[in-house]
Amino acid sequence: MSFRSLFATVLPRTSAFVSRSYVTKMQTKVMDTILTTSPMEVNPLSGLPSPLISASDRQRLRNDPLLSQLVNMIMRDGKKMRAERFVQTALLDIREHTNSDPYRLLSDAVDLVTPIMDTRSARQGSKVIQVPRALNLRQRRRRAIVWILETAARRNERQVHLRLSGELQAIVNGTSTILEKKLQLHKSVLANRSNIRTTKRF
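Here's what the structure looks like:
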């Protein structure tokens, strides 16, 4: 049984976030099978068993735009397989604690904290002003992932994947401080909207 099976079911999307249902019976059976039959190896650093990453799972982590960007931002010193394992174990932890589709929850959590615009510093005469600017999709995701990783690093859990999964669940539950940070950024954009310069065409 492959970890890819967790993402096999396409869940219907609804307009209201509060009415989304992450749980499916098939995913429950798949997860139980993975936890009981998947091969394990002992981590030499922690001495604890951890699941092996199959070739298909690693390919998904590298091909999916959101997962690939998350892995690349977690990676340190070129150790990409270690970052991939952090992401996979975090998704497994989300699946175990919420009984839901982990990728769907990850995607929704990133969407909830993704800012639409940002501000940059610019000089106007002798003073420095903040000028709002629009962000493309990759820039928006990067800002959201940076906030998630920074906030997760301050959590009390000892292991990286537990801190990441805990922060993602806090975002979905509405208890994360990142939501307030996003709101403050949007308020700053609205307060400085008069600094946006438009090009006049003659």
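Just so you know, the numbering used here puts the end of the sequence shown at 208, numbered straight through with nothing missing.
Even for Gly, the Cβ is constructed at its ideal location relative to N, Cα and C.
Self-check item: Under the three-state DSSP convention, the category arginine 203 falls into
Solution: coil
Quiz prompt | Three-state secondary structure (DSSP) of lysine 193 | solution = helix
Practice problem: Taking only the alpha-carbon atoms, compute the straight-line gap between arginine 146 and isoleucine 122 and give it to the nearest angstrom. | Solution: 7 Å
Exercise. Kindly indicate which three-state DSSP category serine 171 falls into: helix, strand or coil?
Key: helix
Quiz item: Looking at valine 134 and threonine 125, is the spacing between their C-beta atoms short of 8 Å?
Solution: no
Self-check item: Status (buried if at least 16 other CB within 10 Å, exposed otherwise) for leucine 143
Solution: exposed
Quiz item: DSSP on alanine 107, reduced to helix/strand/coil?
Solution: Checking the sequence shown, residue 107 turns out to be aspartate, not alanine. In the structure shown, aspartate 107 sits in coil (DSSP, three-state: anything other than H, G, I, E or B).
Practice problem: Can you tell me which of Asn69, Arg129, Ala96 puts its alpha carbon nearest to the alpha carbon of arginine 203? | Solution: Arg129
Quiz item: CA-CA distance, leucine 170 and arginine 199?
Solution: 34 Å
Self-check item: Segment limits, alpha helix (DSSP H) that includes arginine 139
Solution: Premise fails: arginine 139 lies in the beta strand (DSSP E), 133 to 140, not in any alpha helix (DSSP H).
Quiz item: Would you say valine 119 and leucine 185 are within 8 Å of each other, going by their C-beta atoms?
Solution: yes
Practice problem: Please state whether DSSP places glutamine 165 in a helix, a strand or coil. | Solution: coil
Practice problem: Verify whether the separation of the beta carbon atoms of threonine 104 and leucine 98 is less than 8 Å. | Solution: no
Quiz item: To the nearest whole angstrom, what separates the beta carbons of methionine 79 and leucine 155, a pair I think is in contact under 8 Å?
Solution: 7 Å
Quiz item: Residues bridged to serine 113 by DSSP?
Solution: DSSP, once it has assigned bridges, lists no residue as partnering serine 113.
Quiz item: Of all the options Asp107, Arg88, Ser182, Leu168, which has the alpha carbon lying nearest to the alpha carbon of alanine 150?
Solution: Ser182
Quiz item: What are the partner residues of arginine 146, as DSSP defines its beta bridges?
Solution: Paired residues: none, contrary to the question.
Quiz prompt | Cα-Cα separation between serine 27 and aspartate 107, rounded to whole angstroms | solution = With a pLDDT of 43 at serine 27, under the threshold of 50, the modelled position of that residue is not reliable, and no figure is offered here.
Quiz prompt | Residues near methionine 81 by beta carbon distance below 6 Å, same chain, minus five either side | solution = Ala89
Quiz prompt | Proximity of histidine 167 and alanine 96 at Cβ, strictly below 8 Å | solution = yes
Quiz item: Taking the continuous alpha helix (DSSP H) assigned at serine 74, which residues delimit it?
Solution: 71 to 80
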